[in-house]
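A.B. asks: In order, the protein sequence lines correspond to chains A and B. Here this note's numbering = 1-based position in the first sequence + 2. Here this note's numbering = 1-based position in the second sequence + 14. We put the CB at the ideal spot given by N, CA and C, even for glycine. Small disclaimer: the values here were computed from a predicted structure and weren't measured.
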Amino acid sequence: DTFGIGRAALPEEIAAWDKDVRPDGTGLPVGSGDVLTGEEVFADQCAVCHGDFAEGVGNWPKLAGGADTLADDDPLKTVGSYWPYLSTTWDYVNRSMPFGNAQSLSPDEVYAIVAYILYSNDLVDDEFVLSNETFSEVTLPNHDGFILDDRLETEHSKWVGEPCMENCKDEVEVTMRAMVLDVTPEEDEPEPEDALEEVEAPIAEVATLDPELVAAGEKVFKKCKACHQVGEGAKNKTGPILNGIVGQAAGGVEGFKYSKALQAKADEGLVWTEDTLAAFLAKPKAFMKGTKMSFSGLRKEKDLAAITAYLASVDD
Amino acid sequence: ASPDPLITEVQPWASGLGDGVDAAPYGMPIEYEDDVVRRNVEWLTADTISSINFTPIHALDGTITPQGCAFERHHSGAIELKKEDYRLMINGMVDQPLVFTYADLERFPRENHVYFCECAANTGMEWAGAQLNGAQFTHGMIHNMEYTGVPLRTLLEEAGYDTAGKWVYVEGADASSNGRSIPMEKALDDVLVAFKANGEALRKEHGYPVRLVVPGWEGNMWVKWIRRIEVANAPVESREETSKYTDVLANGVARKWTWEMDAKSVVTSPSPQAPISHGKGPLVISGLAWSGRGAIKRVDVSVDGGKTWQTARLAKPGEKMALTRFYLDTEWNGEEMLLQSRAMDETGYVQPTKAQLREVRGLNSIYHNNCIQTWLVRANGEAENVEVS
Numbered sequence: 003d004t005f006g007i008g009r010a011a012l013p014e015e016i017a018a019w020d021k022d023v024r025p026d027g028t029g030l031p032v033g034s035g036d037v038l039t040g041e042e043v044f045a046d047q048c049a050v051c052h053g054d055f056a057e058g059v060g061n062w063p064k065l066a067g068g069a070d071t072l073a074d075d076d077p078l079k080t081v082g083s084y085w086p087y088l089s090t091t092w093d094y095v096n097r098s099m100p101f102g103n104a105q106s107l108s109p110d111e112v113y114a115i116v117a118y119i120l121y122s123n124d125l126v127d128d129e130f131v132l133s134n135e136t137f138s139e140v141t142l143p144n145h146d147g148f149i150l151d152d153r154l155e156t157e158h159s160k161w162v163g164e165p166c167m168e169n170c171k172d173e174v175e176v177t178m179r180a181m182v183l184d185v186t187p188e189e190d191e192p193e194p195e196d197a198l199e200e201v202e203a204p205i206a207e208v209a210t211l212d213p214e215l216v217a218a219g220e221k222v223f224k225k226c227k228a229c230h231q232v233g234e235g236a237k238n239k240t241g242p243i244l245n246g247i248v249g250q251a252a253g254g255v256e257g258f259k260y261s262k263a264l265q266a267k268a269d270e271g272l273v274w275t276e277d278t279l280a281a282f283l284a285k286p287k288a289f290m291k292g293t294k295m296s297f298s299g300l301r302k303e304k305d306l307a308a309i310t311a312y313l314a315s316v317d318d
Numbered sequence: 015a016s017p018d019p020l021i022t023e024v025q026p027w028a029s030g031l032g033d034g035v036d037a038a039p040y041g042m043p044i045e046y047e048d049d050v051v052r053r054n055v056e057w058l059t060a061d062t063i064s065s066i067n068f069t070p071i072h073a074l075d076g077t078i079t080p081q082g083c084a085f086e087r088h089h090s091g092a093i094e095l096k097k098e099d100y101r102l103m104i105n106g107m108v109d110q111p112l113v114f115t116y117a118d119l120e121r122f123p124r125e126n127h128v129y130f131c132e133c134a135a136n137t138g139m140e141w142a143g144a145q146l147n148g149a150q151f152t153h154g155m156i157h158n159m160e161y162t163g164v165p166l167r168t169l170l171e172e173a174g175y176d177t178a179g180k181w182v183y184v185e186g187a188d189a190s191s192n193g194r195s196i197p198m199e200k201a202l203d204d205v206l207v208a209f210k211a212n213g214e215a216l217r218k219e220h221g222y223p224v225r226l227v228v229p230g231w232e233g234n235m236w237v238k239w240i241r242r243i244e245v246a247n248a249p250v251e252s253r254e255e256t257s258k259y260t261d262v263l264a265n266g267v268a269r270k271w272t273w274e275m276d277a278k279s280v281v282t283s284p285s286p287q288a289p290i291s292h293g294k295g296p297l298v299i300s301g302l303a304w305s306g307r308g309a310i311k312r313v314d315v316s317v318d319g320g321k322t323w324q325t326a327r328l329a330k331p332g333e334k335m336a337l338t339r340f341y342l343d344t345e346w347n348g349e350e351m352l353l354q355s356r357a358m359d360e361t362g363y364v365q366p367t368k369a370q371l372r373e374v375r376g377l378n379s380i381y382h383n384n385c386i387q388t389w390l391v392r393a394n395g396e397a398e399n400v401e402v403s
């Protein structure tokens with residue numbers, strides 16, 4: 003008894019969406035990638051949040067380390083120390099990463115990235131090649147570290163029945179207070195009127211941009227795309243819109259909540275020129291202690307020149 | 015006493031005119047209620063895209079959560095997906111893999127149910143000690159809405175599911191590809207493919223146009239923007255069911271498949287964000303109770319940190335997997351209180367203390383903290399989040 007609603011799903015449609023991979027490798031496409039290639043792809047695609055060595059940047063997830071810490075006070079749960087199945091890593095990288103540019107990696111790139119994550123966790127050597135064929139050779143260390151939910155036996159059997167109503171304990175003492183840690187978010191104070199005064203932005207110098215440099219900058223900008231949007235229809239995401247950022251007063255994007263550090267610089271009159279941007283992007287945390295931009299920085303001069311040229315080309 | 019000018023003098027609103035009917039075609043709360051909003055805790059996550067915020071439960075009453083202040087949790091941001099662009103696929107172990115449009119879903123017989131949705135991490139910051147000062151922050155990863163939708167069972171039958179398929183894998187359309195494996199038994203029982211909440215379309219942040227509703231089970235399984243349902247003979251073991259939403263015990267071994275949300279309650283008023291402002295005399299103590307394993311049967315309240323308990327009044331008899339409002343209509347003598355509530359559900363389970371939970375699980379579970387909460391209410395009426403012996 004069916005309603006006859008809906009239509010048959012076509013094989014191409016199922017193939018496009020049914021991409022999940024099971025612990026036994028079911029669902030893996032043909033392909034391969036080695037650790038050294040993985041290191042490069044990882045540096046390009048993943049390191050902005052996860053660090054060059056998968057050690058994590060700021061509050062973003064650490065993917066490596068933490069071996070034998072699960073019984074510690076503050077366990078470090080990474081692919082190496084906690085994840086039970088390699089398939090989960092492959093599947094997650096393939097379908098959900100990079101953050102802000104998901105489903106853009108080729109199968110070979112995913113194999114390479116996962117090989118590098120294994121290497122970062124000291125689980126394979128630097129000559130390892132991960133492929134649909136070598137996949138089953140890898141067993142993650144915490145494979146047997148899980149039990150099925152046993153709350154009914156270990157908890158519910160104890161915590162049933164008529165509870166105590168009177169004389170349940172002799173004394174009660176306060177043993178811990180939230181005030182001690184006090185990590186509750188504070189309400190924002192209303193901004194004083196004069197803080198809303200318009201900051202007069204200097205008129206940006208009209209310079210001719212080198213199209214090659216701009217094109218190179220667009221490639222470098224991939225590193226920024228996880229958090230920043232540019233162009234028509236751009237929206238504030240983890241980071242503010244960057245349209246017309248060159249020549250703009252810092253902290254000026256409407257509707258974006260800046261860090262206290264950036265707001266302070268903005269109040270001092272910081273303007274984003276190609277020079278100040280380059281200085282910021284070379285070492286964000288050094289240029290602005292307390293910035294919430296978790297990017298670790300561009301090391302190459304030519305990348306800095308390219309990115310600032312590209313940003314200068316993106317109009318309001 | 016001098017006469018109250020608010021009564022004796024003609025006020026502007028009693029003489030002038032208010033807004034016309036079209037001032038707000040879709041209304042927002044009046045400006046005087048602008049503190050009743052979702053709030054987040056910035057240090058919890060790296061950014062606000064893959065993050066969570068909290069329902070202002072301290073400022074609400076009754077049980078239904080307005081959509082506009084119901085907590086949000088995204089893994090890759092709240093996407094904009096039009097009804098016209100919406101597709102739902104059923105594949106895997108079925109006679110006929112199918113694709114439904116939004117309009118298709120509206121042609122199946124539909125049901126209405128009120129259910130709570132609680133994030134498994136609700137109260138998760140309190141394992142190691144009292145941390146956050148406010149019911150919104152300690153217990154606000156929860157909302158309770160009336161859902162309209164099609165039973166998942168109906169769609170599985172439409173595709174002709176194979177009875178050898180013991181699992182369904184459900185997946186969202188957003189970039190996080192959030193996916194969870196659900197046992198077929200639950201899928202056939204009470205899971206809804208929902209498109210309305212509290213009578214109107216789902217909000218963007220709650221999965222517009224279609225989300226999954228998995229009554230009583232952790233919020234992460236309520237996949238938003240649901241696009242695919244695969245019948246399978248084994249679980250996928252996705253990221254969200256292995257590396258996250260698993261509970262590490264003190265010995266380092268982790269529990270997995272901890273789907274049900276156990277019985278829990280919290281006093282929402284008085285509480286740190288809702289102090290007593292009226293001094294001694296009649297006082298309404300109020301809060302919420304819920305259980306993922308059935309209906310709430312009883313809630314007890316203690317004002318002395320658990321030495322003695324009084325049974326509270328339930329506003330309505332508890333309903334399965336839905337929030338229950340309780341009241342203790344009492345007299346406050348103006349002295350300090352250590353305020354607690356303790357829920358019991360229809361299975362006979364009694365909400366445990368923090369000490370009881372820690373004894374079994376240690377401090378590192380993160381998820382499924384359903385301990386009894388204590389508020390220290392001082393003589394001045396202000397309240398603080400504390401732990402007691």
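Listed from N- to C-terminal order along the chain, which residues in the stretch 100-123 of chain B have their beta-carbon within a distance smaller than 9 Å of any beta-carbon of chain A?
C.D. replies: So the list reads ARG101, LEU102, MET103, ILE104, ASN105, GLY106, GLN110, PRO111, LEU112, VAL113, PHE114, THR115, ASP118, LEU119, ARG121, PHE122, PRO123, given in the order they occur along the chain.
A.B. asks: Given that B:PRO26 touches chain A, what residues does it touch there, using C-beta distances under 9 Å?
C.D. replies: Under the 9 Å cutoff, chain A gives no residues; its nearest Cβ is about 24 Å from B:PRO26.
A.B. asks: Could you name the residues of chain A that B:PHE151 contacts, counting a contact when the two beta carbons are closer than 8 Å?
C.D. replies: Those within 8 Å of B:PHE151 in chain A are THR186, PRO187.
A.B. asks: Using a threshold of 9 Å, state whether the C-beta atoms of A:PRO100 and B:VAL364 are closer than that.
C.D. replies: The answer is no: Cβ separation not under 9 Å.
A.B. asks: Looking at the unbroken beta strand (DSSP E) that takes in B:TYR40, where does it start and where does it end?
C.D. replies: Note, B:TYR40: premise wrong, no beta strand (DSSP E); not H, not E.
A.B. asks: Mind reading off the beta-carbon distance from B:VAL280 to B:PHE151? Whole number of angstroms is fine, and I expect it under 8 Å.
C.D. replies: No, B:VAL280 and B:PHE151 are not in contact; Cβ-Cβ is about 11 Å, not under 8 Å.
A.B. asks: With distances taken from CA atoms, which of B:ILE240, B:TYR100, B:VAL50 is nearest A:GLU189?
C.D. replies: Cα-wise, what sits closest to A:GLU189 is B:VAL50.
A.B. asks: Output needed in chain order: residues of the stretch 158-181 of chain A with a Cβ under 9 Å from some Cβ in chain B.
C.D. replies: Result list: HIS158, LYS160, TRP161, VAL162, GLY163, GLU164, PRO165, CYS166, MET167, GLU168, ASN169, CYS170, LYS171, ASP172, GLU173, VAL174, GLU175, VAL176, THR177, MET178, ARG179, ALA180, MET181.
A.B. asks: Measuring only between beta-carbons, confirm whether A:PRO192 sits less than 9 Å from chain B.
C.D. replies: Summary for A:PRO192: the model assigns pLDDT 48, below 50, so the residue's position carries little reliability; its value from the coordinates is reported in the next sentence. Not an interface residue.
A.B. asks: Taking the alpha carbon of B:VAL224 as the reference point, which residue from B:ALA303, B:THR69, B:TYR161, B:THR260 has its own alpha carbon closest?
C.D. replies: Selected option, being the one with the closest Cα: B:TYR161.
A.B. asks: Is A:GLN47 close to chain B? Criterion is C-beta to C-beta, closer than 9 Å.
C.D. replies: No, no contact with chain B.
A.B. asks: For B:SER64, name the three-state secondary structure that DSSP assigns.
C.D. replies: B:SER64 falls in the coil class under three-state DSSP.
A.B. asks: Is it true that the stretch 25-45 of chain A meets the stretch 116-130 of chain A, where meeting means three or more beta-carbon pairs spaced less than 8 Å apart?
C.D. replies: Yes, the stretch 25-45 of chain A touches the stretch 116-130 of chain A.
A.B. asks: Any chance you could list the beta strand (DSSP E) runs of at least 3 consecutive residues sitting entirely within the stretch 104-180 of chain B, in chain order?
C.D. replies: Taking only runs of at least 3 residues, the beta strand (DSSP E) segments lying wholly in the stretch 104-180 of chain B are 112-115, 125-132, 156-165.
A.B. asks: Over the uninterrupted beta strand (DSSP E) stretch that includes B:LEU302, give me the two end residues.
C.D. replies: Looking at the DSSP string, the run of the beta strand (DSSP E) that includes B:LEU302 is 295-304.
A.B. asks: How many Å lie between A:ALA268 and A:ALA281 at the Cα?
C.D. replies: Cα to Cα, the separation comes out at about 16 Å.
A.B. asks: Taking only runs that begin and end inside the stretch 17-61 of chain B, name each unbroken alpha helix (DSSP H) of 4 or more residues, in chain order.
C.D. replies: Taking only runs of at least 4 residues, the alpha helix (DSSP H) segments lying wholly in the stretch 17-61 of chain B are 19-22, 26-29.
A.B. asks: Excluding five sequence neighbours on each side, which residues of the same chain lie with their C-beta closer than 6 Å to the C-beta of B:GLU396?
C.D. replies: Counting only Cβ-Cβ distances below 6 Å, and skipping sequence neighbours, we find PRO289.
A.B. asks: Pick out the complete alpha helix (DSSP H) segments inside the stretch 95-126 of chain A, 4 residues or longer, and give them in chain order.
C.D. replies: With a minimum length of 4 residues, the continuous alpha helix (DSSP H) runs that stay inside the stretch 95-126 of chain A are 109-122.
A.B. asks: Mind checking whether A:GLY102 and A:CYS229 have CB atoms under 9 Å apart?
C.D. replies: Cβ distance < 9 Å, so A:GLY102 and A:CYS229 count as in contact.
A.B. asks: In three-state terms, what does DSSP make of B:ARG217?
C.D. replies: It is coil, neither helix nor strand.
A.B. asks: Of the residues that make up the stretch 16-45 of chain A, which ones have a beta carbon closer than 7 Å to any beta carbon in chain B?
C.D. replies: So the list reads ILE16, TRP19, ASP20, ASP22, ARG24, PRO25, given in the order they occur along the chain.
A.B. asks: Who are B:ASP343's beta bridge partners in DSSP?
C.D. replies: Note: B:ASP343 sits in a beta bridge opposite B:VAL298.
A.B. asks: Give me the subset of the stretch 284-301 of chain A whose CB atoms are less than 7 Å from a CB atom of chain B, sorted by chain position.
C.D. replies: Those residues of the stretch 284-301 of chain A that come within reach of chain B (Cβ to Cβ, closer than 7 Å) are SER296.
A.B. asks: State the start and end residues of the unbroken beta strand (DSSP E) segment that holds A:PHE148.
C.D. replies: 148-150 is the extent of the beta strand (DSSP E) around A:PHE148.
A.B. asks: Tell me which residues share the same chain as A:VAL32 and place their Cβ nearer than 6 Å to its Cβ, disregarding the 5 neighbours each side in the sequence.
C.D. replies: Around A:VAL32: ASN134.
A.B. asks: By Cβ distance below 8 Å, which residues in the same chain neighbour A:ALA345 in space, the five residues on each side in sequence not counted?
C.D. replies: Lying outside 3 to 318, the shown extent of chain A, residue 345 of chain A is not represented and no answer is given.
A.B. asks: Where A:TYR260 and B:VAL250 are concerned, what is the direct C-alpha to C-alpha distance, given to the nearest angstrom?
C.D. replies: A:TYR260 and B:VAL250: Cα-Cα distance of roughly 39 Å.
A.B. asks: Do we get a CB-CB distance below 9 Å when we pair A:ALA105 with the residues of chain B?
C.D. replies: The amino acid occupying residue 105 of chain A in the given sequence is Gln; Ala does not appear at that position. Yes, because at least one Cβ of chain B sits closer than 9 Å to the Cβ of A:GLN105.
A.B. asks: May I have the straight-line CA-CA distance separating A:GLY60 from B:GLN25, to the nearest angstrom?
C.D. replies: The straight-line gap from Cα to Cα measures roughly 55 Å.
A.B. asks: Applying the criterion that 16 or more other CB atoms from any shown protein chain within 10 Å of the CB defines a buried residue, is B:GLU11 buried or exposed?
C.D. replies: Coverage of chain B is limited to positions 15 through 403, which leaves residue 11 of chain B absent and any answer about it impossible.
A.B. asks: State yes or no: is the C-beta of B:GLU254 within less than 9 Å of the C-beta of B:ASN347?
C.D. replies: No; because the gap between Cβ atoms is not below 9 Å, this pair is not in contact.
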